[in-house]
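Working notes, beginning with the structure itself.
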Amino acid sequence: MKSVQLFLMIASWCAATACASSSTPGHDPAAVSADIGVRLVTTLNAVNSRVFGTAEVSPTGADRSRVVISIRGAPLNSELPWEIRAGQCGEGGPALGLEAVYRVISARSDGTGELSVTVPMTVPSAPVHSVNVLASRADRDRVVSCGVLSPAAR
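In my numbering, the protein residues as written are 64 to 217.
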């Protein structure tokens, strides 16, 4: 009888441990779920360039967000890709969503540009995510502006 009880205790412990290890270390899924639905904002700072601006991500429904980006100092009449990545600026965490959902920011002849687009994703406020503005379609590896998203003041 004690063997059966010991077996059940060990089996229960193994099941609990396996479930706990399936989530990301230091990542509480319940906390992330609670943070989805929060409007996130950032100031985009120049990274070895003159491009700076602002970005805002607002949830609009299930798995959808409205992204508004405004930039200044871009090369005249250029097209700048952008992305949202996990982590701080410069950490190179994984990008959220597919490259195809990110429309380019079209800069005008004065170096300013705006983008307002709905993307098929939600961005939790934790863990940290950042918005990168990239040099060009041909040079997507070079970040020219970046900002860390944080919850907007209420």
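Glycine included, each C-beta is placed from N, C-alpha and C at the ideal position.
The structure displayed is predicted, hence computed values, not measured ones.
Our two residues, Asp173 and Pro138, have alpha carbons roughly 8 Å apart in a direct line.
Rounded to the nearest angstrom, the Cβ distance from Val196 to Leu107 is 6 Å, consistent with a contact under 8 Å. Partner residues in the beta bridge of Leu103, as assigned by DSSP, are Val120 and Pro214. Between Val114 and Ile134, the C-beta gap is smaller than 7 Å, which places the two residues in contact.
In the structure shown, Ala137 falls within a coil segment according to DSSP collapsed to helix, strand and coil. In the displayed model, Glu162 falls within a helix according to three-state DSSP. Shortest Cα-Cα distance from Thr105 to any of Thr175, Met184, Ser188 and Ser199 involves Ser188.
A direct Cα-to-Cα measurement between Gly156 and Arg171 gives close to 30 Å.
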